[in-house]
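In the numbering used here, the protein residues as written are 2 to 234.
Below: the structure, in structure tokens.
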């Protein structure tokens, strides 16, 4: 006997483990993602056809999202089903910490977990030797930003723009303005090479080496003789 194809199941599929619909073969119903099977998953082909009643695939549901202090979510529904999405928002200037959007998952819960609403208030920065350029004025709430610059003669250490984060702190941190250090020039070394001195002598008019004149020699000899005579006396 051939039972033929198993009845179609909405939001599900029918598998035939043995690949056929003959006597003794089975049909198995598998629901799509996000749906639960209600009824008997397997049926067998016998003399009367497929045994049992076809099951149904029902969409999964989630419990209502959790409420949060100083916040709310939307949309509000009596029942939430698989892949439904809710959006959280905070009230009274509170800042949202965590995921803003949650989705109904297969386990029957909204994922990820609910966020919280936090009161954020960053203290007004005091930066010596700096001036305000632009940005937030007190009170400083979540995501408020301020830009500073240093006064002439000072240089900034850190970021010029800071932002108030969810922890009520300035990020990446309050900068500082420190006095500029005068630029120092490296001394230059001068190397002087002294040339050896050279003594020059006048040349003989004839172009030869300088020679002592005869009359000078005579004068010198006469003086020498005179000195000897005086010594002997």
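Ideal Cβ placement from N, Cα and C applies to all residues, glycine included.
Note that this is a predicted model, so its numbers are computed, not measured.
- Query: DSSP three-state call for residue 70: helix, strand or coil?
  - Reply: By one-based count along the chain shown, residue 70 stands at place 69. Residue 70 falls in the coil class under three-state DSSP.
- Task: Using 10 angstroms around the beta-carbon of residue 77, count the other beta-carbons present and answer buried if the total reaches 16, otherwise exposed.
- Result: Your numbering for residue 77 matches position 76 in the chain shown. It counts as exposed.
- Whole-number beta carbon distance between residue 13 and residue 33, since they are thought to touch under 8 angstroms: The count along the chain shown starts at 1 and reaches residue 33 at position 32. The count along the chain shown starts at 1 and reaches residue 13 at position 12. Residue 33 to residue 13, Cβ: 6 angstroms. Contact.
- Cα separation between residue 115 and residue 99? By one-based count along the chain shown, residue 115 stands at place 114. By one-based count along the chain shown, residue 99 stands at place 98. Computed Cα separation, rounded: 7 angstroms.
- Query: So the beta strand (DSSP E) residue 164 belongs to, where does it begin and stop?
  - Reply: Locating residue 164 in the chain shown gives position 163, counting from the first residue. In this chain, the beta strand (DSSP E) harbouring residue 164 covers 162-165.
- Item | beta strand (DSSP E) runs contained entirely in the region 67-133, provided each spans 3 or more residues | Look at the region 67-133 and you find these whole runs of beta strand (DSSP E), each 3 residues long or longer: 72-75, 86-91, 96-98, 102-105, 117-119.
- Task: Using three-state DSSP, classify residue 38 as helix, strand or coil.
- Result: Residue mapping note: residue 38 aligns to position 37 of the chain shown, counting from 1. DSSP places residue 38 in strand when its eight states are reduced to three.
- Are there three or more Cβ pairs, one per stretch, closer than 8 angstroms when the region 65-79 is compared with the region 116-135? Contact between the region 65-79 and the region 116-135 is established, with three or more Cβ pairs separated by less than 8 angstroms.
- In angstroms, rounded to a whole number, what distance separates the CA positions of residue 159 and residue 138? Position 158 of the chain shown holds residue 159. Position 137 of the chain shown holds residue 138. Residue 159 and residue 138: Cα-Cα distance of roughly 21 angstroms.
- Is it right to say residue 161 is buried, meaning 16 or more other beta carbons lie within 10 angstroms of its own, or is it exposed? Against the chain shown, residue 161 aligns to sequence position 160. Residue 161 comes out exposed.
- Starting from the C-beta of residue 93, find all residues in its chain whose C-beta is less than 8 angstroms away, skip the five residues before and the five after it, and write them out in chain order. Residue numbering aside, residue 93 sits at position 92 when the chain shown is read from its first letter. Only 71 meet the Cβ criterion.
- Going by the beta-carbon positions, is the gap between residue 83 and residue 107 smaller than 9 angstroms? As a first step, residue 83 is located in the chain shown; it is residue number 82 there, counting from the start. As a first step, residue 107 is located in the chain shown; it is residue number 106 there, counting from the start. In this structure, residue 107 lies closer than 9 angstroms to residue 83 by Cβ.
- residue 47 versus residue 103: straight-line alpha-carbon distance, rounded: Stepping through the chain shown from its first residue, residue 47 is reached at position 46. Stepping through the chain shown from its first residue, residue 103 is reached at position 102. Between the C-alpha atoms of residue 47 and residue 103 there is a straight-line separation of about 48 angstroms.
- Query: Taking Cβ positions, are residue 24 and residue 3 nearer each other than 9 angstroms?
  - Reply: Locating residue 24 in the chain shown gives position 23, where the first residue counts as 1. Locating residue 3 in the chain shown gives position 2, where the first residue counts as 1. In contact: residue 24 and residue 3 (Cβ atoms closer than 9 angstroms).
- Query: For residue 175, does the three-state DSSP call read helix, strand or coil?
  - Reply: The residue given as residue 175 occupies position 174 in the chain shown. Residue state, collapsed to three classes: coil.
- Task: Look up residue 222 in the DSSP assignment and say whether it is helix, strand or coil.
- Result: Within the chain shown, numbered from 1, the residue matching residue 222 stands at position 221. Reduced to three states, the DSSP call for residue 222 is helix.
- Taking the beta strand (DSSP E) that residue 143 falls in, what are its first and last residues? Along the chain shown, one-based indexing puts residue 143 at 142. That residue, residue 143, is in no beta strand (DSSP E); it is neither H nor E in DSSP.
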